[in-house]
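With the sequence shown counted from 1, adding 820 to any position gets you the working numbering. Structure record follows, encoded as C-alpha cells.
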Amino acid sequence: MGQCFVPDCNHQSESHNCSFYRFPKDPAQRRKWISLIRRADREPGKGARVCSCHFRGSKEEGPEVFSWNKDKLFESRNAPKRKKQRTEVPETTTIEQILSESSTKSNQNEPCELSCEEMQMKCTTLQTENILLQAELGTLKTQVSELKEKESYLKRNYSSFNMDSKVINMETGLPNKEMFHIVVEYAERYRNDIVYVCGWKVDKISFEDQILITLMKIRHNYHNLHLAELFSCSTATIANIVTTFIHVLHQILYEDQMEIAVPSRQKNKTSLPGSFSLFGDCRMVIDCTDIEVATPKLMSDQKLTYSTYRGMNSFKTIVGVAPNAVITYVSKLFPGSVSDKVTVQKSGILKHFVAGDIILADKGFLINDIVPNGVYVNIPPFLNNGKFTESEVKLTKSIAKCRIHVERANARLKNYKILNFVPPYLRSLSDPAQRRKWISLIRRADREPGKGARVCSCHFRGSKEEGPEVFSWNKDKLFESRNAPKRKKQRTEVPETTTIEQILSESSTKSNQNEPCELSCEEMQMKCTTLQTENILLQAELGTLKTQVSELKEKESYLKRNYSSFNMDSKVINMETGLPNKEMFHIVVEYAERYRNDIVYVCGWKVDKISFEDQILITLMKIRHNYHNLHLAELFSCSTATIANIVTTFIHVLHQILYEDQMEIAVPSRQKNKTSLPGSFSLFGDCRMVIDCTDIEVATPKLMSDQKLTYSTYRGMNSFKTIVGVAPNAVITYVSKLFPGSVSDKVTVQKSGILKHFVAGDIILADKGFLINDIVPNGVYVNIPPFLNNGKFTESEVKLTKSIAKCRIHVERANARLKNYKILNFVPPYLRSLSAELFSCSTATIANIVTTFIHVLHQILYEDQMEIAVPSRQKNKTSLPGSFSLFGDCRMVIDCTDIEVATPKLMSDQKLTYSTYRGMNSFKTIVGVAPNAVITYVSKLFPGSVSDKVTVQKSGILKHFVAGDIILADKGFLINDIVPNGVYVNIPPFLNNGKFTESEVKLTKSIAKCRIHVERANARLKNYKILNFVPPYLRSLSGKIIQLCGALVNLQNPLIKETNDTVDFD
C-alpha cells in the first residue's frame, strides 16, 4: 500500500481513486518536485509517490496544489487582474496662468455692479479666505520641512529606530530591543567622557546607532564597506566607531560588571541547578576555548600558536561560568601551545577563589598544586587498570552534567563571527586594555611594539595613565581646543503650526484695533481686487506645496527600501557579490533577462515588489556572504519568505545560465588550451585539465551512519567533497556534484562523470591521491607526483614534482577563491537540496565570468572594431586638428607604453623583462592613435628588454600602412629601414654640434604638439588598474586585456573637443 509523499495528504493507493506518480529520475525535475512539496523531515525514497490531486496541469509541470495554497490557486486563475490605483498629484500651474484665468472669468462676469455694503461683505469674505489660505500654507510648509528632515534621515534608514526585537536579536545577539536600550542607556552615562580613537568625533550617526554598528560588527563581522553603505558614511568612520565603542562596551559590560563581581558560592547557591547536588560549594566551572588564526609567517610564531590538541594555530582563553550557566570570567588571550595549567596560572583567575570553593574542570586542568589553600578542583577521574569503577563512572557523569554549561557558553561565544577573523585594525584589541589604548593612540601600522618599545614624554600632556596624546597630526589643534569654547549646534527653525482659530482671533483683534475705519466704495473695490489677487497667489503656492508634499511622500516610500544595486558603485558591488565591477553585474543581469519570462518561482508565487536586478543582487549577496535572511529582508523591506523564494529560485536560474549553459557543455579541448598555455606547462603541452578535490565542512550529523559516511579521515572532519577541474590558464572548467567525505578520490572521479570529457592524447594533472590510471579512457595519461622510494627522491623525480606543483597551484588557488563564498561554510536548511548547484554557481560567478567576458568584449570591441578598421589618411583628414597642419598625410602617431610587473623569480626572466630605459621589469605594447586622438591600434605584449624597433617589426603594425602615409613617433623609433616603401617616419631631430637650428626647434615643437595625443591616450590606459596587477588566472590573457582597455578608452569622452575653428583638449 502506497501513501502520497506530500505532507498533510493521507491519500492511499488502495482507498482512493486518484493516480499516483513516481518522482522523476531527471535530477533537475526531481529537485523541482522536492522544492514544491516542501517536506522538511525526510527526502523521498525510491518508492515515494505523489497523488494526482496535487497536479493541475501535466506531470512535467510538477505538483502545484497543496493545502497551503489550494484556496488561492484556482481563484487567482480566473480573477481579473487588479490595476494599480494611481495617486493623483495636483498639476503645478504657473502664477501667470492662474492670474490669466482669473482675469478671463472676471471679464466673463462683467458688467457687475455691487453696492458698498455688498462690496464690504465680499471684502470680509475674501479677507477670511485669505487668512484660511495662509493657515493652510503654514501647515503645508511645516509638513514639507518635516518630510525633508525625514527624507534626510531615511537616506541612512538602516537604524535601530526602525528595527523590531526580532531584527535586533539577529543583528546584535541581544534577546530583544528592550535589552538593547538598556545597554544604550548604560553607555549614555559615559557619553561625555568618550574619546574617539581616531581623534575626531562622529556626529553624523546617532549614539544609539554607533552602538548598533559595533554590535553588528562583533556579531556578524560584516565588511566595513557593507556597514558604511548601510549607514551612509565612510569606512574610516565605521573603523573609528567600532574601535572606540569596543573600548566603551568592554569598560561598561566587562570591567565594571564581570571583572569586579565574580559571584560568591553563597550567591551561587540561591540559583543552584539540581545537577550540582554533589557540588553545592561550586564557585565556577572553567574550560579553555580556542580561536583559530591564520598560520603566521614566522616559524617561531607558528610553533608558539600551534595547539597539538586542536591540530591548528590558535589562541586560547579561559571561560568561567557560574552553576546557573552565567559567564562570570573570561581571561585575556594566550598562544595555543601554552598548557591549560600555565594559562590558569598566568590569567589571574585564581585570585577570585577563597577557601572552601570548588572548581569543576576538564581532565587537562591539573592545577591542584597552584590553587589557593582550601580550594578544591574536581576533574573527571583518569582510567586505571583498564576499567572505571562504578563510583568513578558516577562521578564522571555528574561532572559532565555540570560541565555542559561551560561547553554551551563556549558554543555561544563562537556565534560571534568576529572571532573567526579579527580585522587587522582591531587585532591590537586582543592585548591588555592600557597597552591597547596606547597602540590605538599612536596609530603605527607597520609593526607592533616589542618588549623594548618606549614612548618619549613629549607625547604626553597629562599623566602616564592617560596615555600619549600629542602627535604631529594633532599638536597644533590639541592645546588650542582645551580652552576653546564649545560650539553650540545651530538649530534649524521650523515654522510653528498655528490653529485657524488663533489666526482668526489675531485677525479680529487687529481689525478691532484699527476701528473705526471708513472706506469709500472705490477704495473698498481696490481692496477687494488686491485681496482677490493675493488669494490667487496663495492658491498657486498651495498647489506647488501640495505637489512637493506628494513627491516627498513618494520619495519617502522609496527610501524605506533604498539598499538597491541602483544606488551602488562598483566598489560596493564587488564587496557584496564578488563580481569585479558594476558593469560585470549588469552583464549577468542582461544575460538572465533573456529568460525572465520563463522563470517559475519555487514557492509558486511571483515576486513583483523587488526589481529583477535586485533579486539577482540578493542571491549573489546570499552566496557571497551568507547573510541572515532577516538581514536581507530588513535591507530590501520584504519578508524572510520572499528572500527564501528569491534565493532558491535564482540559484536555479544562475546555475542554468552560468554553469549548465557555459561550463558544463564546453570543457575546452587541449588544442584550445594551447592558445593560452602558460610557460609552467611546457612539459605538459597536452594537458586538458588539472583536477583536485575540495572539502566543505558540515555539522556532525545526528545519525552514527551519517557520521561515518561523511567523516573524512584525511581532513579529520565531517564533510562533503567535490572535484574541481581547471584549464592550464586557471579557468575553472568543471565542478562535480557533491560526495560524502569518506568516499575516496578514485571513486569520486569514477562516479562524477568527469572522465567522459577526456579523449585519447589528453593529459590530466592531479595529486598523489588520484590513483586513477586504471579507470581513465584509453590513451589518456594521468600525471601525479612520484612516490618516495628508498628514502630519497632522484633528481628527475624532484624536477617532475616541482613541475607538477607549478601547474597544480592553479587549482589550489581556484579552490581558495571558492572558499571565499561563505555560503559554503554553512548551507541554510532550505538550500541544502541545492548544495551542488550552489557550489557550481559560486564557482562560475567569479572565476569564469571575468575570463569569459574578457574574450567576448575583446572580440566585439577590439577584433570586430579596431583591428580590422584602422582609418585611412583620407578618413583622418575629415577630422584633422590644426596642430597637424604640417603632417596632413599622417596615418598614425605611435608610442610604446610599459606595464610594470613584479620581479620574476628566474634570473633569465628578470633579464628578459628588465627595461634599462624605464629601470624596471616590465612588458611593453605599441599604441597607435589617429590624429583625432582615437586609439586605432594596440599590439600584443613584448618583454621590456626588447627594443622599440624589434617591437614594431614583430607586432604586425606595419601591414596597415601604404605608400604616402606618415608615421609620427618618438626618437627611439629608428624604423625607416623596415617600413613599407613610400611610408615616411617623422621623429624629432637629434642634436648635432651642440645646438638645434631654428627649423629643428620648430619641427620638434610641431611633432610634440601631435605626439601629446598618444601620451594622453597612454595615460588613460593606465587608469585601468588591472594593468597594475593582473591576477594569476588572467595572466595568459594579458595581451587581450590591454587591447580591450584600448577599446574601452575610445568609449570615453573624446580627448579632443572641436569648438568652431579651434581645438581644445579635454
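Using N, Cα and C, we set each Cβ at its ideal position, and we do this for glycine too.
Nearest-angstrom Cα separation, counted from residue j out to residue i
| i | j | result |
| --- | --- | --- |
| residue 832 | residue 822 | 6 Å |
| residue 1084 | residue 1066 | 28 Å |
| residue 960 | residue 1357 | 15 Å |
| residue 1437 | residue 857 | 27 Å |
| residue 1089 | residue 1100 | 7 Å |
| residue 1863 | residue 1758 | 5 Å |
| residue 1788 | residue 1827 | 7 Å |
| residue 1310 | residue 1023 | At residue 1310, the pLDDT of 41 sits below 50, so the modelled position is not reliable and the matter cannot be decided from this model. |
| residue 1493 | residue 1044 | 40 Å |
| residue 1707 | residue 1786 | 7 Å |
| residue 1355 | residue 1345 | 15 Å |
| residue 1823 | residue 1698 | 24 Å |
| residue 941 | residue 1366 | 30 Å |
| residue 1286 | residue 1019 | 14 Å |
| residue 862 | residue 1518 | 18 Å |
| residue 1037 | residue 1062 | 7 Å |
| residue 1667 | residue 1477 | Bear in mind that a pLDDT of 43 at residue 1667, under 50, signals an unreliable position, so the model cannot answer this. |
| residue 1868 | residue 1734 | 28 Å |
| residue 875 | residue 1644 | 34 Å |
Proximity winner among the options, relative to residue i (alpha-carbon distances)
| i | options | result |
| --- | --- | --- |
| residue 1503 | 1352, 1188, 1616 | 1616 |
| residue 1865 | 963, 1675, 1591, 1158 | 1675 |
| residue 993 | 1005, 957, 1033, 1437 | 1033 |
| residue 872 | 865, 886, 1169 | 886 |
| residue 1406 | 1418, 1383, 1435 | 1435 |
| residue 1558 | 1529, 1533, 1548 | 1529 |
| residue 1572 | 1593, 1550, 1544 | 1544 |
| residue 1105 | 1069, 1021, 1221 | 1221 |
| residue 1288 | 1701, 1269, 1273, 1262 | 1262 |
| residue 1003 | 1838, 1013, 1031, 985 | 1031 |
| residue 1743 | 1098, 838, 1859 | 1859 |
| residue 1871 | 1197, 1846, 1841 | 1841 |
| residue 1516 | 1181, 986, 1537, 1008 | 1537 |
| residue 1795 | 1770, 1780, 1816, 1776 | 1770 |
| residue 1677 | 1117, 1403, 1837, 1779 | 1403 |
Bridge partners - residue i, DSSP secondary structure assignment
| i | result |
| --- | --- |
| residue 1788 | 1713, 1806 |
| residue 1127 | 1132 |
| residue 1149 | 1140 |
| residue 1509 | 1584 |
| residue 1346 | Paired residues: none, contrary to the question. |
| residue 1107 | 1139 |
| residue 842 | 869 |
| residue 1741 | 1734 |
| residue 1762 | 1744 |
| residue 1514 | 1542 |
| residue 1112 | 1134 |
| residue 1755 | 1749 |
| residue 1154 | 1136 |
Within-9 Å CB hit, residue i to chain B
| i | result |
| --- | --- |
| residue 1422 | Among the chains of the structure shown, chain B does not appear; only one protein chain is present. |
Inset, instruction - Please confirm if the region 1722-1734 is in contact with the region 1802-1815, defined as three or more CB-CB distances below 8 Å between the two stretches. - result: no
Inset, instruction - For the region 1516-1591, list the alpha helix (DSSP H) runs that are entirely contained and at least 4 residues long, ordered along the chain. - result: 1524-1530, 1565-1572
Legend entry - Inter-stretch contact at 8 Å, needing at least 3 Cβ pairs: the region 1448-1455 / the region 1470-1486: no
Inset, instruction - Examine the Cβ distances between the region 1196-1212 and the region 1154-1165 and report whether three or more of them are shorter than 8 Å. - result: no
Inset, instruction - Check whether the region 1613-1629 touches the region 1569-1581, taking contact to mean three or more Cβ pairs, one atom from each stretch, closer than 8 Å. - result: no
Inset, instruction - Tell me the start and end of each unbroken alpha helix (DSSP H) in the region 975-1010 that is at least 4 residues and wholly inside, in chain order. - result: 985-992, 997-1008
Legend entry - Segments assigned alpha helix (DSSP H), at least 4 residues, entirely inside the region 1178-1247: 1210-1233
Inset, instruction - Kindly confirm or deny that the region 1743-1758 and the region 1707-1716 touch, where touching means at least three C-beta pairs closer than 8 Å. - result: yes
Legend entry - alpha helix (DSSP H) runs contained entirely in the region 1682-1738, provided each spans 4 or more residues: 1693-1697, 1727-1733
Legend entry - Three or more C-beta pairs below 8 Å linking the region 1423-1430 and the region 1388-1396: no
Legend entry - Segment contact, 8 Å Cβ cut-off, at least three pairs: the region 1594-1614 with the region 1521-1540: no
Inset, instruction - Could you tell me whether the region 1135-1149 touches the region 1059-1075, using the rule of 3 or more Cβ pairs below 8 Å? - result: no
Inset, instruction - Take every Cβ of the region 949-966, pair it with every Cβ of the region 1010-1019, and state whether three or more of those distances are shorter than 8 Å. - result: no
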